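Structure first, then comments.
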């Protein structure tokens, strides 16, 4: 009996000691937050007019149709009171169990206690009622412009997600159970994780999604053998070592997005598109963009085209002794590849034989989930940020993208890291996701104002290099690969822009899955299939309805399309030549530069 009591006392003492450590860490947390230099308010929330207009419309509806508004309120009140009564009756019967629960399945509430424990179940059900009430109120507001409605829905959903009981220690059974099981050690580890993330981001809260110590560029990610064969202020040009005795005559140059780094296409050998293309017998070049600092403030779209696209194509032609290359553009790099092709058409430059676009938008008439961030108040904030710092800092873009999937990329990871005290996973994709790039000030403002907001490329044309460039100027053979559940570049929006090109040889593919998984989908996975349909005159819904579905990745289909325009087979080329002696091994230096904070 004494032994048992002694063990209990020791356990209690350990818990008390750990809670004291929590108090000490809390003081450190306060010190970190006191040094926080917050970003501009415009980049954290919409202009107050969004909510003012919504409130005005709501009260106007109440005056014109009070019965409708009162009906909504009474429904919410009635359900809340009934919920309370049901819980009280369950307790009055002497049963420590939850009342009947018909709320929808939600993976946030997977712990059995959300269903069986009356306290947690009551909290969960009331949260669900509150969330429904907010969404119903937003949906019922009339006489709001469509863009304001989209914004109001987005920001109200953010409030709903933020207020989930899982996000608070006192109402999260997983976190509470672990705190008891570990005598409070999980809370200490969680606070240490929180302070670490705040200190690494100048007091700005960005949840670390992956264990950064588990990866090293060139060792276990970005490992395809190759050399840096050219470098200028904007990019390094990587040429990969052949793995076949012969290669296609016409080389392939890939332009990745400069919002992130190129090695999403070369994470590891088994899912590397770059390695797979090399193994199919292509001479593969990839542009590794510079990670800009404040000195790049006046770098614009023209600089990316001139010192990136046109220079890379020119150097690849010299290296391979070819008159033409095939090109690939991914996301924003695909948008800019379209601009480059239109410019080359105006100049009579036929250096690019075919072009392929991964998840590429050109027609921004529909802004989708980015609508909240493409209105003047946010863009004004970005413009002011760019004017002050010379660039849009990476963490701002990263945070914005994360809020589009806040439960998966913010609250879920925060719960595991800060409440449960878990270390971030060693996951290469999440490591890449956190290894972002800044955007030069002039470029990002031009992109947002002229392309996203004004949609100049498909409307009146965009003025660059003294030319008016229009999407109809794109006439060479093209292929587009889009992704069915892509929330960044929705496939229907990509399709609409693709239809407006004037190419006579066009192939359009919709891969299953999203912006990354739909592209990084190697044949070995046998996971996501794809849709094809040659009739590009159909609207998007009819196109998909009549499309042919093929199991497995689109990679081999694209290989067939690409190889038909890649010429005869020639002896494999080693990286570099006498005029381009290899500078260093791939992945090069530019990709290793961290983003400016």
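Residue numbers (our numbering): 172 to 768.
Built from N, CA and C at the ideal position, the CB exists for glycine as well.
Treat the numbers as computed from the prediction; the structure is a model and nothing was measured.
Residue i - partner residues in DSSP beta bridges
i	result
residue 410	398, 456
residue 651	528, 679
residue 701	682, 721
residue 501	529
residue 755	399
residue 658	Residue 658 pairs with nothing; no bridge assigned.
residue 115	Lying outside 172 to 768, the shown extent of the chain, residue 115 is not represented and no answer is given.
residue 419	740
residue 633	640
With 16 other Cβ atoms within 10 Å as the buried cut-off, status of residue i
i	result
residue 238	Because the pLDDT at residue 238 is just 48, under 50, the model does not fix this residue reliably, and the point stays unresolved.
residue 532	buried
residue 207	exposed
residue 516	buried
residue 271	exposed
residue 591	buried
residue 644	buried
residue 727	exposed
residue 760	exposed
residue 469	exposed
residue 547	exposed
residue 664	buried
residue 446	buried
residue 403	exposed
residue 343	buried
residue 390	exposed
residue 782	For the chain, the structure presents residues 172 to 768; residue 782 sits outside this window and is missing.
residue 518	exposed
residue 661	buried
residue 505	buried
Reduced DSSP secondary structure (H/G/I, E/B, other) of residue i
i	result
residue 269	coil
residue 225	The predicted model places residue 225 with a pLDDT of 46, which falls under 50 and marks its position as unreliable; any figure quoted below should be read in that light. Reduced to three states, the DSSP call for residue 225 is helix.
residue 201	helix
residue 742	strand
residue 639	strand
residue 586	helix
residue 487	helix
residue 363	helix
residue 351	helix
residue 294	helix
residue 748	strand
residue 562	strand
residue 470	coil
residue 715	helix
residue 523	strand
residue 611	strand
residue 388	strand
residue 335	coil
residue 765	coil
residue 206	coil
residue 691	coil
residue 436	helix
residue 576	coil
Integer Cβ distance of residue i from residue j, believed to fall under 8 Å
i	j	result
residue 573	residue 607	The Cβ separation is near 11 Å, so there is no contact.
residue 211	residue 555	6 Å
residue 508	residue 498	6 Å
residue 453	residue 737	7 Å
residue 309	residue 323	6 Å
Distance between residue j and residue i (C-alpha atoms, nearest Å)
i	j	result
residue 689	residue 653	8 Å
residue 196	residue 368	14 Å
residue 295	residue 345	14 Å
residue 489	residue 422	11 Å
residue 673	residue 694	32 Å
residue 399	residue 586	41 Å
residue 583	residue 589	10 Å
residue 475	residue 424	15 Å
residue 396	residue 598	22 Å
residue 605	residue 764	13 Å
residue 356	residue 192	9 Å
residue 611	residue 379	24 Å
residue 466	residue 460	15 Å
residue 437	residue 283	40 Å
residue 594	residue 413	39 Å
residue 330	residue 375	19 Å
residue 448	residue 485	21 Å
residue 744	residue 451	14 Å
residue 529	residue 298	40 Å
beta-carbon residue i near the ligand PLP non-hydrogen atom, thresh 8 Å
i	result
residue 423	Although the ligand PLP was asked about, the structure shown includes no ligands whatsoever.
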